[in-house]
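Step one of this worksheet: look at the structure below.
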Amino acid sequence: MDLDGDGRLDLVSGSWPGDIYFFRGKGNGAFAAPETLKAHGKPVNVGRASAVAVADWDGDGDLDLIVGNIEGGVHLLTNQGTRQKPAFPGAARLKAANGLVSAGGGDAGPTVADWDGDGKLDLILGAGNGGVLWYRNTGAPGNPTLAAPVALVAAGPATHGRVDNPIRPGTRAKPAVADWNGDGLPDLLLGDFGGASGAYHGWVWVYLRTQKPTPGEQARK
Numbered sequence: 275m276d277l278d279g280d281g282r283l284d285l286v287s288g289s290w291p292g293d294i295y296f297f298r299g300k301g302n303g304a305f306a307a308p309e310t311l312k313a314h315g316k317p318v319n320v321g322r323a324s325a326v327a328v329a330d331w332d333g334d335g336d337l338d339l340i341v342g343n344i345e346g347g348v349h350l351l352t353n354q355g356t357r358q359k360p361a362f363p364g365a366a367r368l369k370a371a372n373g374l375v376s377a378g379g380g381d382a383g384p385t386v387a388d389w390d391g392d393g394k395l396d397l398i399l400g401a402g403n404g405g406v407l408w409y410r411n412t413g414a415p416g417n418p419t420l421a422a423p424v425a426l427v428a429a430g431p432a433t434h435g436r437v438d439n440p441i442r443p444g445t446r447a448k449p450a451v452a453d454w455n456g457d458g459l460p461d462l463l464l465g466d467f468g469g470a471s472g473a474y475h476g477w478v479w480v481y482l483r484t485q486k487p488t489p490g491e492q493a494r495k
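Residue numbers (the numbering used here): 275 to 495.
Set out below in structure tokens:
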């Protein structure tokens with residue numbers, strides 16, 4: 275993702291305190307020291323355990339931030355600057371047809387992708403309870419409107435099997451969407467957290483699509 279429009283890939287990361295860090299790309303896989311994103315001289319912060327997705331959410335040609343926090347809330351920080359000099363002076367809770375966008379069990383982990391192939395960006399939200407929700411964008415171009423969520427991955431039980439051989443994803447789900455197997459369909463990659471008694475792990479799970487996604491359809495492993 276090229277946040278500052280200079281033709282080089284950058285990194286944007288949340289943090290446990292909630293501040294958001296910008297690692298400016300220098301090319302050839304190298305990055306400058308992190309910069310704290312600020313607005314009005316203060317760090318941009320919408321809550322602890324921030325998780326950040328970057329996309330042109332409103333279709334105006336620059337990149338916006340979609341940020342989840344430990345309480346399960348998801349905030350939109352619209353870029354009020356330019357493509358080359360982004361600025362994020364304010365945050366607003368994202369809403370859907372059923373109310374505020376929220377992750378069950380807290381620890382909201384958003385990502386943005388066109389999940390159903392209709393040319394509009396949707397919200398895919400990981401949750402502290404291990405579930406993943408799809409909020410389909412039913413709005414017009416430049417004016418996203420989110421439908422009530424559909425579960426792509428069900429929330430997990432309290433235990434998930436052996437630490438070294440779990441039977442399903444654990445908690446704190448953090449999703450990403452990509453065509454993992456090159457068949458032209460969007461797949462779901464899911465990072466998790468699990469374990470007990472000091473033996474913890476973080477696995478990555480892959481859910482492969484078997485057919486073109488349609489509204490209301492669940493992901494298939």
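A virtual CB, placed ideally from N, CA and C, is assigned to each residue, including glycine.
{"query": "Going by other Cβ atoms of all chains shown within 10 Å of its Cβ, with 16 needed for buried, is residue 323 buried or exposed?", "result": "buried"}
{"query": "Looking only at its chain, what residues have a beta carbon closer than 6 Å to the beta carbon of residue 296, apart from the 5 residues adjacent to it on each side?", "result": "286, 309, 311"}
{"query": "Count the C-beta pairs between the region 337 to 352 and the region 313 to 328 that are closer than 8 Å, then say yes if the count reaches three, no if not.", "result": "yes"}
{"query": "Secondary structure at residue 312, three-state DSSP: helix, strand or coil?", "result": "strand"}
{"query": "On the CB-based measure, 16 or more other CB atoms within 10 Å of its CB, does residue 385 come out buried or exposed?", "result": "buried"}
{"query": "The beta strand (DSSP E) spanning residue 350 covers which residue range?", "result": "348 to 351"}
{"query": "Could you have a look at residue 428 and say whether DSSP puts it in helix, strand or coil?", "result": "coil"}
{"query": "My output table needs one value for residue 296: the three-state DSSP class, helix, strand or coil.", "result": "strand"}
{"query": "Please state whether DSSP places residue 398 in a helix, a strand or coil.", "result": "strand"}
{"query": "Between the C-alpha atoms of residue 408 and residue 391, what's the straight-line distance to the nearest angstrom?", "result": "13 Å"}
{"query": "Nearest CA to the CA of residue 357: which residue from 461, 280, 465, 467?", "result": "280"}
{"query": "So the candidates are 399, 419, 429; which of them puts its Cα closest to the Cα of residue 405?", "result": "429"}
{"query": "Look at the Cβ atom of residue 427, then the Cβ atom of residue 414, and state whether they are nearer than 8 Å.", "result": "no"}
{"query": "Given that a residue counts as buried once 16 or more other Cβ atoms are within 10 Å of its Cβ, and exposed if not, what is residue 302?", "result": "exposed"}
{"query": "Does DSSP classify residue 370 as helix, strand or coil?", "result": "strand"}
{"query": "Which residues in the same chain have their Cβ closer than 7 Å to the Cβ of residue 486, if we skip the five residues on either side of it in sequence?", "result": "391, 459"}
{"query": "Based on Cα-Cα distance, which residue from 465, 475, 451, 468 lies nearest to residue 482?", "result": "451"}
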